[in-house]
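In our numbering, the protein residues as written are 96 to 214. Below: the structure, in structure tokens.
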């Protein structure tokens, strides 16, 4: 009987912990672009700002700058994602969730799915 109680308590505590983690991660707000550093490479971040310098390559990849009050950063959406991002245009207020990467000594954010871009 004690083993069953221990199992139930363990499952209950684990479930509560997972619910708390989901709630905390879902309520994470955008971070200032100026706070993104090389230590964030490989991490997922959420940023928000105004899009500029947007262009699509002949292969269908989308690139644009996203600027907030502190700084700007390049956002990259490869063709499989970019085809569903018609809302991205210069001057649009956009929220992006993506992975920080570095290309040619510059930090950038790579978007892995269209749902991670909110216009």
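A virtual CB, placed ideally from N, CA and C, is assigned to each residue, including glycine.
Sub-8 Å separation of residue i and residue j beta-carbons
i: residue 168; j: residue 143; result: no
i: residue 155; j: residue 177; result: yes
i: residue 129; j: residue 166; result: yes
First and last residue of the uninterrupted alpha helix (DSSP H) at residue i
i: residue 174; result: 174–177
Start-to-end residues for the beta strand (DSSP E) that takes in residue i
i: residue 210; result: Element bounds for residue 210: n/a, residue is neither H nor E.
i: residue 192; result: 188–198
i: residue 141; result: 139–151
i: residue 160; result: 157–162
Of the residues the options, the one placed nearest residue i, counting alpha carbons only
i: residue 153; options: 147, 196, 174, 108; result: 174
i: residue 172; options: 98, 150, 97; result: 150
i: residue 160; options: 108, 97, 205, 209; result: 205
i: residue 125; options: 199, 98, 193, 181; result: 193
i: residue 179; options: 139, 133, 141, 207; result: 207
i: residue 127; options: 181, 199, 182, 162; result: 162
i: residue 211; options: 108, 139, 97; result: 139
Contacts around residue i, its chain only, beta-carbon distance under 8 Å, and the 5 residues preceding and following it disregarded
i: residue 136; result: 195, 196, 197, 202
i: residue 184; result: 146, 149
i: residue 181; result: none
i: residue 123; result: 141
i: residue 133; result: 197, 202
7 Å CB neighbourhood of residue i in its chain, flanking five on each side removed
i: residue 190; result: 125, 141, 143, 213
i: residue 209; result: 176, 179, 180
i: residue 131; result: 140, 168, 195, 202
Neighbourhood of residue i by C-beta, 6 Å cutoff - its chain only, sequence neighbours within 5 removed
i: residue 101; result: none
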